[in-house]
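> In the numbering used here, the protein residues as written are 6 to 223. Positions of the beta carbon are idealized from the N, C-alpha and C atoms, including for glycine. All values reported here derive from a predicted model rather than from experimental measurement.
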Ligand SMILES: O=C(O)c1ccccc1N[C@@H]1O[C@H](COP(=O)(O)O)[C@@H](O)[C@H]1O
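1) Can you grab the Cα-Cα spacing for the pair residue 218 / residue 154, in whole Å?
2) By alpha-carbon positions, which one of 104, 32, 77 and 58 ends up nearest to residue 89?
3) Within the region 86 to 112, note down every full beta strand (DSSP E) run reaching 3 residues or more, in order along the chain.
4) Looking at the secondary structure, which residues open and close the beta strand (DSSP E) in which residue 122 lies?
5) Sort 44, 69 and 143 by Cα distance to residue 56 and report the nearest one.
6) Between residue 85 and residue 74, is the Cβ-Cβ spacing less than 9 angstroms?
7) Out of curiosity, what's the CA-to-CA distance linking residue 98 and residue 133?
8) Hey, would you say residue 64 sits closer than 9 angstroms to residue 33, going by beta carbons?
9) Cα separation between residue 175 and residue 193?
10) With DSSP run on the structure shown, which of helix, strand or coil describes residue 64?
11) Which of the three DSSP states, helix, strand or coil, is assigned to residue 197?
12) By Cβ distance, which residues of its chain are closer than 7 angstroms to residue 28, with the 5 residues on each side in sequence left out?
13) Which runs of the beta strand (DSSP E) spanning at least 3 residues fall entirely within the region 124 to 161, listed in chain order?
14) Short check: CB of residue 137 to CB of residue 167, under 9 angstroms?
15) What residues in its chain sit with their C-beta under 7 angstroms from that of residue 150, if we drop five residues either side in the sequence?
16) Does the beta-carbon of residue 178, which I'm using as the reference point, lie nearer than 8 angstroms to any heavy atom of ligand 1?
17) Compute the minimum distance between the beta carbon of residue 95 and the heavy atoms of ligand 1, and state whether it is under 8 angstroms.
18) Check residue 22 in the structure and name its three-state DSSP category.
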């Protein structure tokens, strides 16, 4: 079952890699739609289950709590999911593995050469959206690098979450060119890895709103 591409009137914003209570509060205050918590221990932004529980408890209703995993143990994912609304599966998880977890998920795809996005959208039909990130060999994500946005087909069968190297300086152009359902940023709103900057968060969301002015009036 595929669904038609969603054309929202405003771009949803996910801020990823939150590790501190004050960053959660700043993100919510600035108007983020979703907050990402990295549970993959290889990340500079990794948090453990206890910190996830504490940070997730601060998030008010109608802000989506997203847990990021990279090819991890299903039991760990299920335990963490008690504190989450959505899973972000950022490794080489198969469609069957994703579905077996029994929770709503988005599938991250790294834009390596030759990727057939239409075929992958079909294969990952159960995902709520596809998150498209830059490809760097040996690094599962969070590289701070952009990719060639013209490679994203306009008629993909799943909602697109655009990620990879987004900042307040490039996100409005990205929205005008790609018209994604949502954008996702981590390094572009940081003072240092895992430490967000409230000013950069606010500037990023303001830039998203400027980008939204390029969307057709409804
Ligand atoms: O943030 C990480 O450390 C990370 C580690 C492993 C996989 C994904 C990771 N982050 C995700 O990467 C993209 C892009 O991040 P950036 O804005 O380029 O820094 C984003 O979806 C993060 O959720």
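According to the data block:
1) As a working mapping, residue 218 is identified with position 213 in the chain shown. As a working mapping, residue 154 is identified with position 149 in the chain shown. Distance between the alpha carbons of residue 218 and residue 154: 19 angstroms.
2) Numbered from its first residue, the chain shown carries residue 89 at position 84. Relative to the Cα of residue 89, the nearest Cα in the group 104, 32, 77 and 58 belongs to 58.
3) Whole beta strand (DSSP E) segments, 3+ residues: 91 to 94.
4) Start at 1 with the first residue of the chain shown, and residue 122 comes out as number 117. Premise fails: residue 122 lies in the alpha helix (DSSP H), 122 to 128, not in any beta strand (DSSP E).
5) Your numbering for residue 56 matches position 51 in the chain shown. Checked all of 44, 69 and 143; the closest Cα to residue 56 is 44.
6) By one-based count along the chain shown, residue 85 stands at place 80. By one-based count along the chain shown, residue 74 stands at place 69. With a cutoff of 9 angstroms on beta-carbon distance, residue 85 and residue 74 are scored as near each other.
7) Within the chain shown, the letter at position 93 stands for residue 98. Within the chain shown, the letter at position 128 stands for residue 133. Roughly 15 angstroms between the two C-alpha positions.
8) On the chain shown, position 59 is the one that residue 64 refers to. On the chain shown, position 28 is the one that residue 33 refers to. For the 9 angstroms CB-CB criterion, residue 64 and residue 33 form a contact.
9) Residue mapping note: residue 175 aligns to position 170 of the chain shown, counting from 1. Residue mapping note: residue 193 aligns to position 188 of the chain shown, counting from 1. Their Cα atoms are separated by approximately 10 angstroms.
10) Start at 1 with the first residue of the chain shown, and residue 64 comes out as number 59. In the structure shown, residue 64 sits in coil (DSSP, three-state: anything other than H, G, I, E or B).
11) Walking along the chain shown from the start, residue 197 turns up at place 192. It is a strand residue.
12) Position 23 of the chain shown, counted from the first residue, corresponds to residue 28. Closer than 7 angstroms at the Cβ level, and outside the excluded window around residue 28, lie 201.
13) Qualifying beta strand (DSSP E) stretches, in chain order: 135 to 138.
14) Here residue 137 refers to the residue found at position 132 when the chain shown is read from its first residue. Here residue 167 refers to the residue found at position 162 when the chain shown is read from its first residue. The answer is yes: Cβ separation under 9 angstroms.
15) The sequence position of residue 150 within the chain shown is 145, counting from 1. Excluding sequence neighbours, residue 150 sits near 139, 141, 169 and 170.
16) What you label residue 178 is simply residue 173 of the chain shown in a count that begins at 1. No, since every heavy atom of ligand 1 falls outside the 8 angstroms radius drawn around the Cβ of residue 178.
17) As a position in the chain shown, residue 95 is number 90, starting the count at 1. Yes - ligand 1 has a heavy atom lying nearer than 8 angstroms to the Cβ of residue 95.
18) Working through the chain shown from its first residue, we reach residue 22 at position 17. Correct three-state label for residue 22: coil.
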